[in-house]
Each structure stands twice: as C-alpha cells, then as structure tokens.
Amino acid sequence: MGRRVNQMSRFNITALALGLAFLYLPIVILILYSFNASRLVTVWGGWSLRWYHEFFNDRAMLDAAWMSLRVAAVSATVATLLGTLAAIGLARGERFKGRSLFSSMLYAPLVMPEVISGLSLLLLFVALNAERGFWTVTIAHTTLTMCFVTVVVQSRLASLDRSLEEAAMDLGCDPVKAFLSVTLPLIVPAIVAGWMLAFTLSLDDVVIASFTTGPGSATLPIRIYSEVRLGVKPEINAICTMVIALIAVVIVIASFASKLSSSQGKSAAPL
Amino acid sequence: MSARRIFAGPARLAAIAPYAWMVLFFLVPFGFVLKISLSQTAIAQPPYVPVFDVTEGWASIKAAFGQLSLDNFRLLVSDDLYISSYLRSVLVAVISTAILLLIGYPVAYGMARLPKRWQPIAMMLVIVPFWTSFLIRIYAWINILQHDGLLNKVLLALHIVSKPVVWLSTDTAMYIGIVYSYLPFMILPLYATLAKMDGSLLEAAGDLGASPARAFWLVTFPLSLPGVAAGVLLCFIPIVGEFVIPDLLAGSGSMMIGQTLWLEFFTNKDWPVASAAAVALLLLLIPPLLLYDRLQRRTLAGGG
C-alpha cells in the first residue's frame, strides 16, 4: 500500500462522518426521548423512567415480548444447527447432485421480499392443517435465518487453510474426526456470530410473523407495529430502547466472537 | 487432493437435513402459492376453493388442469390498482437504489481509504445499525419527521421554513426510511471490493499523468463494478417487495405491490388474488434474482 492511497482527504472524512451520523442520530434521539417525563413525545419534560414502568405493567406487551424471546431463542438455535450443516455441505461437499439448487435455495431468502416468504409459508401451514402460533412462527424464522447462518459460516470455512484438515488426515484421523477436532474449533466464532444474527433477525421480523402466527399469539414487533401505525407513543420509545439494549449486549458478544475469529485467520464474513 | 475427495462424502451427508428443510419450507410453499393463485375465491375457511386435490389421484389432477382458473391473473392485468402498484414498486426501487449508490459509494470509499487499523472499527459502525431492529429504526424516523418533531423544530429555529413542513405520509419520508434501512447493504459489498483493490494501480495511473478524478473513473470505478452490482441487487430486490416502510412512512394515496398483497390478504381476505400478486411479483424478480444468485455463488465459492 502506497502513501498516496492511505492519505485521507477532507472529502473522505466528511463522507464517512455524514454517513455514520445519518445511521446513528435517529437511534440516539429515540433513546433520549424514552427517558422523557412528558407525555408529548416532542416536549422535553425532564428525565423519567415513567414509560418503562408503563411497559412493565402492560400485560399484552409483556406477553408479546416473552413470545418473541422464545421464538428467537428456539429458531436461532435450530437455524444455527441447520445453517452450519448446510455451510459444511456447500464448502466441503464439492460437487453433488442438486448442489446448485441447494445453494440457490439458501441464498434466495436473503433478498426475497418478506411478503412472499410469509404468504407462501402460511399457505403451506394451512394446507398441512397446522395450528398457527409459536411453532409456525418459529419454523418460519428458522427457514429465513438459517440462510444467514449458512453465509456467515460458509465464508469462514472458505477462508480456512485446508492443509490443516489434510494434515490431520495424513496423521490418521478419519474425515469426520479431522473435521471435528481441527476445523470445528476454528469456525466456532462464526457459528456464535451466526446464532446472534439469527436471534436479532427473529426478534425484528414483523411481516413473516404476521402471516404465520395465529390469533392471540402476537410477537413483540407485531404489537409495536400496530401501535406505531396509530402514532408515536412514549411507551414504544421505552420498549424500543430496551430492545436496542438487548441487541447491544448481543453485538458485544458477537464482536468478541468475531475478534477471536479474525485473530485466528482472515475473517471474510460478508455480514 | 485425495483428502479433499474423502472429505466430500461426510460433508454431503451433512447437507441432507438442511436440504430437506429448505425443500419443505422454502420450495414446496411456492407450489402452494401457485396453486392457490389459480383457485377461486370463496367465503369459507380457508377462503378459497381448491381447483384440484392431489390426494384424489392422477385422474383428478388431469381433469382439474382443464379448469384451472386464470381469473386472478386476469384481474391483476385489468385492474389499474395492481398495474400502478407494480409500476410504483419498480420506480421506488430504482430511485431508492440510485440514491443508495450515490450515498453509499462515497462512504464505502472513505472507509476503504482509512488507515488499516481504523477500517474494522468503521465496518463495525456500519454493521451495528443493521443488527439494530429495522422496525425500531423506522419508528425512530417517525419521531423525527412528525409534525412537531425534531426536524421541523430545527428548520423553524434556523428560520429555513416559516411553518412546520408535512414530512410524514409523503414519498420523501418513505425514501428517507428506505435509504436509511438499506444503506449498510449498499456500503458493505462496495467496501469489500474497494478495500481489496491494489493501490499500486492508482499510483501507476498517477505516475502516467492521470489526475485523481481521471484515475478514479478509469481505474477505481471499473474495478469496483462487482461490488456495485452486489450492492444494487441486495437493495433493489427486497425494496421492490417492501411493505413496512411504505406502509408507515408513505401516504395512503398510492401503494407498492407489497402493500397491495398485504391489503388483499389481511383486509380483503382474498387469498387467491394475494397469491396471484405474489406470483407476479416473483416473476418480476426472477431476472435480478438469477443475477444475484450467480454473484453470490462466485463470491462464496471463490474463497470468500
């Protein structure tokens, strides 16, 4: 890298700073207003935890939050298992019949409009006569988020030096053992990051959950969404701040995991 | 080489469970969408009359093909509501993607030119909002854009406007929301290609007398095109089918196709027409989806 390339121009710094400000300012403002004592969202009435109290006394909101946490935990776990297996199949399976269909099915949901995924899954559940609620939403979220896990783990697997696996096999390990004792420890950080990503994506989804849930089992985003349609409410600011805090904890753990990952090799996760 | 081949066997076995899962919960459901898009609407539970029933054997399937109903698709192409919502979806996606590229490129370029040790931090800063709930970020903008929100207060205080501007329920608000939500998807692939670029090429161009601007257009930009393509597709495809952002931020005047589908499904309970709208949306997205699929496969198979 030459000197000229790494030189920072004023334009570069300004572009970067403006871009980041655009990304962060709205969230900062939202958090500030959640501590606002005034009922009018835009008038500052001093610091207060009033809206947090309100949330903890709102039975329906609490139920929805609990439902969302359970769906996110179960679907992220199943998605991590399936997504990791899929990544191993794609990264180490070389060629097999139906491989391109497999990879297309795993990449398409990353960009597929959610209204399509949601509607199609609902029609499947109706055809199977499945009772809609916790499990249907969990299956739907698993299907979406396992694809993100696959991409994260697969790019990690692709960046690994395969001579390690080969060396283990030359030393007498069978392929499965070589993989479990050499490769798996190296991709654990990517798997952890994949779980976190799956968890936060599930916690965030409105559209697919709206299609696949049944009466009486709304998730938190569905509740937030129906409140937001009616306008800004300080209680929603408080709920959103708590969700952001939860996700922040998740991000800190994930970044710690990916730091481990990048210190052991080149990190190539695109997300 | 031989070790790799031995590996391939167990690795293929690992793919069986996720393969079966994706066939059952991703591929097969499209069959149902197609089937129900060809059904008649009915006031029943579920609200449609199946045109054919696979359980009744091959003869009934053959008989049923004669009476497949294309009525729902006929409705789609004859009703202005649907045609205009398709056109609007494509238009909104094109405009938003263009704005995203115009904003995302300079930011990604600035990131790639940062000193090496700052780059991971800058990348983290771009990724974090992607992890933060998308719904919450849209809600944050409603806070800012509402009648007595922060934006109007600032504009009034600075005497840029004399009375509050209506921001919510306008296309401007919708574009702000879309650009805000999708910006990380544009920046990250652009940054990935720009950061990998060999700096000596630019130096060579400079040594040969090219001005920095000329060197950018002749060297940097052409080399970053794969990143541009990835960013454009990652934004364009989901924006065409976007529902939440236009629903919360845009006016109720004209709808995008995702909103039309939602309305048919949840409000009008017309599942067949909603399914037909989904099939049509999918057909529209097949060319960009194929491009995206090729690009993804090349990126991931090429060693990341």
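Residue numbers (this note's numbering), protein chains in the order written: chain E, 5 to 275; chain F, 12 to 315. By construction, the Cβ of each residue, glycine as well, lies at the ideal position given by its N, Cα and C atoms.
> Is it true that the CB of Q157 of chain F sits closer than 8 angstroms to the CB of V236 of chain E?
Replying inline: yes
> Do the segment 115 to 131 of chain E and the segment 207 to 217 of chain E touch if we need at least three Cβ pairs shorter than 8 angstroms?
Replying inline: Because the criterion of three Cβ pairs below 8 angstroms is met, the segment 115 to 131 of chain E and the segment 207 to 217 of chain E touch.
> So what does N40 of chain E bridge to, in DSSP terms?
Replying inline: E:W51
>> Between F37 of chain F and chain E, is any beta-carbon pair separated by less than 8 angstroms?
In response: It does; some Cβ of chain E falls within 8 angstroms.
> Given L86 of chain E, which residues of its chain have a CB within under 6 angstroms of its CB, disregarding the five upstream and five downstream residues?
Replying inline: M150
> So I120 of chain E packs on L292 of chain F, CB below 8 angstroms; how close in whole Å?
Replying inline: 6 angstroms
> Which word fits G220 of chain E, buried or exposed, when buried means at least 16 other C-beta atoms lie within 10 angstroms of its C-beta?
Replying inline: exposed
> Mind pulling the chain E residues with CB within less than 7 angstroms of N83 of chain F?
Replying inline: Chain E residues near N83 of chain F: none, gap ~14 angstroms exceeds 7 angstroms.
>> Does the CB of C244 of chain E have a neighbour CB from chain F at under 8 angstroms?
In response: yes
>> Quick check on DSSP: helix, strand or coil for Q157 of chain F?
In response: coil
>> For D67 of chain E and A242 of chain E, what's the separation of their Cα atoms in angstroms?
In response: If you draw a straight line from the Cα of D67 of chain E to the Cα of A242 of chain E, it is about 16 angstroms long.
>> If contact is defined by three or more beta carbon pairs under 8 angstroms, each pair taking one atom from either stretch, is the segment 227 to 234 of chain F in contact with the segment 133 to 152 of chain F?
In response: no
> How do the segment 221 to 230 of chain E and the segment 156 to 170 of chain E stand: do at least 3 beta-carbon pairs fall below 8 angstroms, yes or no?
Replying inline: no
>> Does the segment 115 to 135 of chain F come into contact with the segment 185 to 204 of chain F, if we say contact requires no fewer than three beta-carbon pairs (one atom in each stretch) closer than 8 angstroms?
In response: yes
> Can you tell me the Cα-Cα spacing of F39 of chain E and L161 of chain F, whole angstroms?
Replying inline: 16 angstroms
> Residue ranges of each alpha helix (DSSP H) run of no fewer than 4 residues wholly in the segment 182 to 235 of chain F, ordered along the chain?
Replying inline: If we require 4 residues or more, the alpha helix (DSSP H) runs fully inside the segment 182 to 235 of chain F come out as 182 to 207, 210 to 218, 223 to 226.
> Just curious, the alpha helix (DSSP H) that V172 of chain F is in, first and last residue?
Replying inline: No alpha helix (DSSP H) contains V172 of chain F, which DSSP labels as neither H nor E.
>> Tell me the rounded alpha-carbon separation between I153 of chain F and L179 of chain F.
In response: Rounded to the nearest angstrom, the two C-alpha atoms are 7 angstroms apart.
> Does the segment 138 to 147 of chain E come close enough to the segment 294 to 306 of chain F to have 3 or more Cβ pairs within less than 8 angstroms?
Replying inline: Using a Cβ-Cβ distance cut-off of 8 angstroms, the segment 138 to 147 of chain E and the segment 294 to 306 of chain F are not in contact, since fewer than three pairs of beta carbons, one from each stretch, lie closer than that value.
> Which value, in whole angstroms, describes the spacing of the CA atoms of G42 of chain F and M116 of chain E?
Replying inline: 16 angstroms
> By the criterion of Cβ-Cβ separation under 9 angstroms, what are the contact partners of M150 of chain E in chain F?
Replying inline: P29, W32, M33
> What in chain F is Cβ-close to D208 of chain E, meaning under 7 angstroms?
Replying inline: Simply S144, F145, L146.
> Do the CB positions of S3 of chain F and V239 of chain F come within less than 8 angstroms of each other?
Replying inline: For chain F, the structure presents residues 12 to 315; residue 3 of chain F sits outside this window and is missing.
> Where in the segment 249 to 277 of chain F do unbroken runs of the alpha helix (DSSP H), each at least 4 residues long, occur, reported from the N-terminal end onward?
Replying inline: List check, alpha helix (DSSP H) in window: 255 to 260, 268 to 273.
>> For a quick check, are the C-beta atoms of G188 of chain F and I268 of chain F less than 8 angstroms apart?
In response: Note that the C-beta distance between G188 of chain F and I268 of chain F is not below 8 angstroms.
> Near S185 of chain E, what residues of its chain come up, given a Cβ to Cβ distance below 8 angstroms and the 5 sequence neighbours on each side ignored?
Replying inline: Cβ within range, chain order: A172, C177.
> In chain E, which residues lie with their C-beta within 8 angstroms of the C-beta of I106 of chain F?
Replying inline: For I106 of chain F, no chain E residue has a Cβ inside 8 angstroms of its Cβ, as the nearest lies near 17 angstroms away.
>> Please confirm whether N279 of chain F has its beta-carbon closer than 8 angstroms to some beta-carbon of chain E.
In response: no
> Taking C-alpha atoms, which residue in F:D182, F:K280, F:R85, F:F247 lies nearest to V290 of chain F?
Replying inline: F:R85
> Quick one: is F60 of chain E buried, meaning 16 or more other Cβ sit within 10 Å of its Cβ, or exposed?
Replying inline: exposed
> Does the Cβ of V256 of chain E have 16 or more other Cβ atoms within 10 Å, making it buried, or fewer, making it exposed?
Replying inline: In this structure V256 of chain E is exposed. Its beta-carbon is surrounded by fewer than 16 other beta-carbon atoms within 10 angstroms.
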